[in-house]
Amino acid sequence: MTRLLVLMLMLFAGGPAMAIEAELGFDDPVMNERYRELLREVRCPKCLNTSIADSDAPIAEDLRREVHQKMAEGASDEEIVEYLVSRYGEFVVYRPPLQPTTWALWGGPVALLAIGAFVFARILRSRARQSIDQDAIS
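With my numbering applied, the sequence shown corresponds to residues -1 to 136, in that order.
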């Protein structure tokens, strides 16, 4: 029983320590900042609403390495994002492009705001009419 406990402690406690690798980056500060910014714009496919810069998931590590490799090969940010989207789908980008499949995503907040403004205006008119009617009665 104690061997099982020790084995479990080694697996779970040592796992994250072994998973942390040397931080990838570039010697050029401009490239390094571009790399960091790109990592913050790509969502981890495994984690919910976490960028690959902040995720400890193994797939996030792989994606960081892929982004680093593509940047070292001279790929632009758009090419890297297109590659990741083709491989993992629109979910991996925080700002998906405006296209027919994302119209509800982009237009939904505007439509809800317009509906709310319309309802608010109707309520204000209704209250204004009620106060005019009550003033006429008295």
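Note that CB positions come from ideal geometry on N, CA and C, so glycine has one too.
This structure is a prediction, so every number in the text was calculated from the model and none was measured.
By the 16-neighbour rule on beta-carbons within 10 angstroms, Ile78 is buried.
For the options Arg85, Ala51, Leu103, the alpha carbon positioned closest to that of Glu39 is the one of Ala51.
Residue pairing by DSSP places Val28 in no beta bridge whatsoever.
Going by C-alpha positions, Glu71 is about 19 Å away from Arg85. In the same chain as Tyr33, and ignoring 5 residues on each side of it, the C-beta atoms closer than 8 Å to its own belong to Leu22, Gly23, Phe24, Val65, His66, Met69, in chain order. Separation of the CB atoms of Arg41 and Tyr92 is rounded to 6 Å, and the pair is thereby assigned contact status at 8 Å. Distance from the CA atom of Leu61 to the CA atom of Glu31, rounded to whole angstroms, is 17 Å.
The alpha-carbon of Asp54 is positioned some 30 Å away from that of Trp104. Burial check for Val108: the Cβ neighbour count within 10 Å stays below 16, so the residue is exposed. Ser84 carries a helical assignment under DSSP once its states are collapsed to helix, strand and coil. Per DSSP, reduced to three states, the secondary structure at Ser74 is coil, with no helix or strand assignment. Around Pro43, the same chain offers Ile57, Tyr86, Phe89, Val90 as residues with beta carbons nearer than 7 Å, after the five sequence neighbours per side are excluded.
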